[in-house]
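Asker:
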Amino acid sequence: MYLFKEDIVGMLVNSIASFHIIDDLLCSRGITVRPVLNDNPIEYRAGDSNYMRMWNEKLTEFLEPYLSGTRSENVQNCFHQQYPDSGKVCNVKLTSEFTPCLPPYNFGFDFDNSDKGPCIFLKLNKIFDWVPKYYHKENIPADMPTELAQKIINAELVNQHDKIWVDCRPNNVSDVGNLGDVSYYPQQGFEGKYFPYTNVEGYLSPLVAVHFEKPKRGIPFDIVCKAWAANIQHDRKYNKGLVRFTLHVH
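-14 is the number of the first residue of the sequence shown in the numbering used here; add one for each residue after it.
1. Taking the alpha carbon of P26 as the reference point, which residue from G15, Q173, P103 and P191 has its own alpha carbon closest?
2. By the three-class DSSP mapping on this structure, what secondary structure does D160 have?
3. Would you tell me roughly how many angstroms separate the C-alpha atoms of C153 and R229, rounded to the nearest one?
4. Output the distance between the C-alpha atoms of P130 and Q61, rounded to the nearest integer angstrom.
5. According to DSSP, simplified to helix, strand and coil, what is I137?
6. With DSSP collapsed to three states, give me the class of G177.
7. Taking all protein chains shown into account, do 16 or more other C-beta atoms lie within 10 angstroms of the C-beta of A212, making it buried, or fewer, making it exposed?
8. Assuming Y51 and L189 form a contact by the criterion Cβ under 8 Å, report the distance between their Cβ atoms to the nearest whole angstrom.
9. Is E49 helix, strand or coil when you go by DSSP?
10. Under 6 Å Cβ to Cβ from P85, same chain only, skipping five residues before and after it: list those, please.
11. Going by DSSP in three states, Y90 sits in which element: helix, strand or coil?
12. For W150 versus Q135, is the C-beta spacing smaller than 8 Å?
13. In three-state DSSP terms, what is D40?
14. Taking 8 Å as the cut-off, decide whether the C-beta atoms of L232 and C210 are in contact.
15. Ignore the nearest five residues each way along the sequence and tell me which others in G187's own chain have a CB closer than 6 Å to its CB.
16. Return the CA-CA distance between K148 and A140, expressed in angstroms with no decimal places.
17. Using 8 Å as the Cβ pair cut-off and three pairs as the minimum, do the segment 76 to 90 and the segment 117 to 129 touch?
18. Could you check where the beta strand (DSSP E) with P155 kicks off and where it finishes?
19. Within 10 angstroms of its Cβ, does D9 collect 16 or more other Cβ (buried), or is it exposed?
20. Between the beta-carbon of A246 and the beta-carbon of H235, is there less than 8 Å?
21. Are there 16 or more other CB atoms within 10 angstroms of the CB of I217, so buried, or fewer, so exposed?
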């Protein structure tokens, strides 16, 4: 059987359409965390500069594309809630808004300080042409953390809720007090202006830095970070919509 060009194009279009429908139903978007070292815990030791240097090198290597500035003519600087022009993508760069999760600050951790905790970075895995559906006051799910739900409601009042929100907390509720405060930079989510991903040259996935400010020393924390959008499902068995890791600061 011979296939003409029109037949092949039609088959491709139908395949892509089917993929989009399946993806929208299954919502299998995943999250990546950095730094990582195989399947080992993210482990910092106060007073041990070698540990800090190792993690700093891994983070700096991971962030190199974000530190190098504009990457192609397709990349444009987008202001808050400004979507890119056709055929363009918004620039993602590490600015002072990520402080203290930047190289000059050792990514939040001071090995001479017995209190400070480290930063980790989150990014979403790319899915072609996937568009997030945002939460607002009327569709917040019952299992969403109360603090995050209130933050979304407050953000909607000033029209700043169009983002994929993230939330990191211990898997064990009893560890919440020992983990301490968790801060997000430059904000607690990925802005909608970075989606969809359409394979435009120069595109970089947006980042959220998470700073564990003062985790209690000597306790290995089982951390779960979830991405929250109305078309993202959470499935711990298959790591859908979340990432899980161990954070251990000595």
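We treat Cβ as the ideally placed atom computed from N, Cα and C, and that holds for glycine. Quick caveat: nothing in here was measured; it's all calculated off a predicted structure.
Answerer: Quick answer:
1. Per the C-alpha coordinates, the member of G15, Q173, P103 and P191 positioned closest to P26 is P103.
2. Note: D160 maps to helix in three-state DSSP.
3. Looking at the two C-alpha atoms, the distance is approximately 9 Å.
4. Separation of P130 and Q61 (C-alpha to C-alpha, rounded to the nearest whole angstrom) is 35 Å.
5. Correct three-state label for I137: helix.
6. Helix.
7. A212 is classed as buried because its beta carbon has at least 16 other beta carbons within 10 Å across all chains shown.
8. At roughly 6 Å, the Cβ-Cβ gap stays under 8 Å, so Y51 and L189 are in contact.
9. Note: E49 maps to helix in three-state DSSP.
10. Within the same chain, G93 come within 6 Å of P85 by CB-CB distance, once the 5 residues on both sides are set aside.
11. Helix, per DSSP.
12. Taking 8 Å as the Cβ cut-off, W150 and Q135 do not qualify as a contacting pair.
13. The sequence shown places Trp at residue 40, not Asp. Of the three classes helix, strand and coil, the one that applies to W40 here is helix, per DSSP.
14. No, Cβ-Cβ distance for L232 and C210 is not below 8 Å.
15. If you ignore the 5 residues before and after G187, its C-beta comes within less than 6 Å of the C-beta of R56, S57, N59, V60 and V74, all in its own chain and listed in chain order.
16. Whole-angstrom Cα-Cα distance: 10 Å.
17. By the criterion of at least three beta-carbon pairs nearer than 8 Å, the segment 76 to 90 is not in contact with the segment 117 to 129.
18. In this chain, the beta strand (DSSP E) harbouring P155 covers K148 to P155.
19. Any reading at D9 must be qualified, since the residue scores a pLDDT of 43, below 50, and its modelled position is unreliable; no value is offered.
20. Residue 246 is absent from the model: the chain starts at -14 and stops at 235.
21. Buried, because 16 or more other Cβ atoms sit within 10 Å of the Cβ of I217.
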